[in-house]
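S.K.:
Residue numbers (our numbering): 6 to 361.
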């Protein structure tokens, strides 16, 4: 649902602008056809007259094709059968009806084509050019469908990776949390109860996210808050966090658990190995071309000799980051991106850009 409109939408326009674009392309195509016919058969007629007939025939044919493609009955046929029927109907209709339009434009009386003699050259030429145009449309439609199928396959592959990532992350987090709960029940019952409450919130949110393809950004942040509350109880004063989500971005739809791997990486590879306290903040803001979400940590940061690229980080980290990058590409296309930035004096910023 996030993917940009499939190529087929461009092929069969729904808007006035799209229809005008299709008419413009057809006008140029049939003008070239009229010029070619005039060069191949100079004694057939004058170029302006051939151009008039060619444009009328061509545009009538295009209108017929567009109307047929929107007929529900045609959707029941196989693609090859559909295109054969389209050609059988559109080419003769374009030829005979288009000639009548041309007679009107030229101020000539309407008459049956071939009334004063039949020339096979225009008929054969129209069939060839019309067939070439229909073949072009059919090829583009097939390519569009194949591209849509590839995009859907890519989306399904990314979602399968997400399920695998959940299967790896959630049990690991759950086991660690339960181990902490066991010790807390003996030492601090109030903290143990608070951790149980946050764990319930987190698991409910994770379950809901697993059953949908998109969630509101407010729900994504709520899940992050529950997770960070649990981690803060586990790490104690070593971890502080802040979440910032403007009200006008709360309803924005994003893939579920898009930010979770980035937050987990910041804690696991930045804050937990660090001696002393640290902080993490997740800040979303609207910018000119979309939404920017920063996950800032004050952890160990990137090694001095390491590039600021996801693939350059340790294996466990790069998998999570590459997974987020793949999901962004599959859902939003090449305009979306994930990048890493060094922070001063220490720490890393993982920056997610989502186009709108």
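Beta carbons are placed, not taken as given, at the ideal position from N, Cα and C, and that holds for glycine.
Decide yes or no for the touch test of the region 219-238 against the region 255-268: beta carbon pairs closer than 8 Å, at least 3 of them.
M.R.: Verdict: yes, contact present.
S.K.: Residue 295 lies in the beta strand (DSSP E); which residues open and close that run?
M.R.: Here the beta strand (DSSP E) through residue 295 covers 295-302.
S.K.: In chain order, which alpha helix (DSSP H) runs of at least 4 residues are fully inside the region 217-262?
M.R.: Taking only runs of at least 4 residues, the alpha helix (DSSP H) segments lying wholly in the region 217-262 are 222-240.
S.K.: How big is the Cα-Cα spacing for residue 143 and residue 245?
M.R.: For residue 143 and residue 245, the distance between alpha carbons rounds to 59 Å.
S.K.: Report the residue from 61, 188, 234, 191 whose alpha carbon sits nearest the alpha carbon of residue 202.
M.R.: The shortest C-alpha separation from residue 202 is found at 234.
S.K.: In three-state terms, what does DSSP make of residue 264?
M.R.: Correct three-state label for residue 264: coil.
S.K.: Let me know if residue 261 comes out buried or exposed under the rule of 16 or more other beta-carbons within 10 Å of its beta-carbon.
M.R.: Buried: at least 16 other Cβ atoms inside 10 Å.
S.K.: State the DSSP-derived secondary structure class of residue 283, mapped to helix, strand or coil.
M.R.: In this structure, residue 283 counts as strand in the three-state DSSP scheme.
S.K.: Counting along the chain, where does the alpha helix (DSSP H) carrying residue 58 start and finish?
M.R.: Segment 52-74, the alpha helix (DSSP H) holding residue 58.
S.K.: When you compare only the Cα positions, how much space is there between residue 346 and residue 37?
M.R.: When rounded, the distance between both Cα atoms is 54 Å.
S.K.: Spell out a yes or no on whether the region 293-306 and the region 270-278 are touching, meaning 3 or more CB-CB pairs, one atom from each, closer than 8 Å.
M.R.: Yes, the region 293-306 is in contact with the region 270-278.
S.K.: Cα-Cα, which of 255, 251, 204, 211 is closest to residue 237?
M.R.: With distances taken between Cα atoms, residue 237 lies closest to 204.
S.K.: Given that a residue counts as buried once 16 or more other Cβ atoms are within 10 Å of its Cβ, and exposed if not, what is residue 78?
M.R.: The residue in question, residue 78, is exposed, as its Cβ has fewer than 16 Cβ neighbours within 10 Å.
S.K.: At least one CB of chain D closer than 8 Å to the CB of residue 277: is that the case?
M.R.: Chain labels in this structure do not include chain D; a single protein chain is all it has.
S.K.: So does the region 57-67 actually touch the region 93-100, counting three or more Cβ pairs closer than 8 Å?
M.R.: Short answer: they touch.
S.K.: Closest to residue 220 by C-alpha separation, out of 258, 249, 71, would be which residue?
M.R.: Answer by Cα proximity: 258.
S.K.: State the start and end residues of the unbroken beta strand (DSSP E) segment that holds residue 345.
M.R.: Run containing residue 345: 342-347, per the beta strand (DSSP E) assignment.
S.K.: For the beta strand (DSSP E) containing residue 360, list its first residue and its last residue.
M.R.: Run containing residue 360: 353-360, per the beta strand (DSSP E) assignment.
S.K.: Can you give the beta carbon distance from residue 272 to residue 361, rounded, assuming they're within the 8 Å contact cut?
M.R.: Rounded, the Cβ-Cβ distance is 29 Å, inconsistent with contact.
S.K.: Give me the Cα-Cα distance between residue 114 and residue 57, rounded to the nearest whole angstrom.
M.R.: If I take the Cα positions, the gap works out to 15 Å.
S.K.: Which of helix, strand or coil does DSSP assign to residue 191?
M.R.: If DSSP states are grouped into helix, strand and coil, residue 191 belongs with the helices.
S.K.: For residue 288, which residues does DSSP report across the bridge?
M.R.: Note: residue 288 sits in a beta bridge opposite 249, 299.
S.K.: Could you spell out the range, first to last residue, of the alpha helix (DSSP H) harbouring residue 87?
M.R.: Element bounds for residue 87: 84-111.
S.K.: Give the DSSP-derived three-state secondary structure of residue 378 in the structure shown.
M.R.: What is shown of the chain runs 6 to 361, which leaves residue 378 out entirely.
S.K.: Could you give the distance in angstroms between the alpha-carbon of residue 284 and the alpha-carbon of residue 253?
M.R.: Roughly 26 Å between the two C-alpha positions.
S.K.: By Cβ distance below 7 Å, which residues in the same chain neighbour residue 206 in space, the five residues on each side in sequence not counted?
M.R.: Taken in chain order, the residues that qualify are 231.
S.K.: Buried or exposed, going by whether 16 or more other CB atoms sit within 10 Å of the CB of residue 82?
M.R.: Classification for residue 82: exposed.
S.K.: Note down, in chain order, each residue of its chain lying with its Cβ closer than 6 Å to the Cβ of residue 240, except the 5 sequence neighbours on either side.
M.R.: Excluding sequence neighbours, residue 240 sits near nothing in its chain.
S.K.: Since residue 34 and residue 63 should fall inside the 8 Å C-beta cutoff, what is the C-beta to C-beta distance between them, to a whole number of angstroms?
M.R.: Contact flag correct, Cβ pair sits at about 7 Å.
S.K.: Going by beta carbon distance, what residues of the same chain come within less than 6 Å of residue 318, once the five residues before and after it are set aside?
M.R.: Per-residue confidence for residue 318 stands at a pLDDT of 44, beneath the threshold of 50, marking its modelled position as unreliable; no derived number is given.
S.K.: Relative to the alpha-carbon of residue 334, which residue among 352, 357, 50, 353 has its alpha-carbon at the smallest distance?
M.R.: Here the closest residue by C-alpha is 357.
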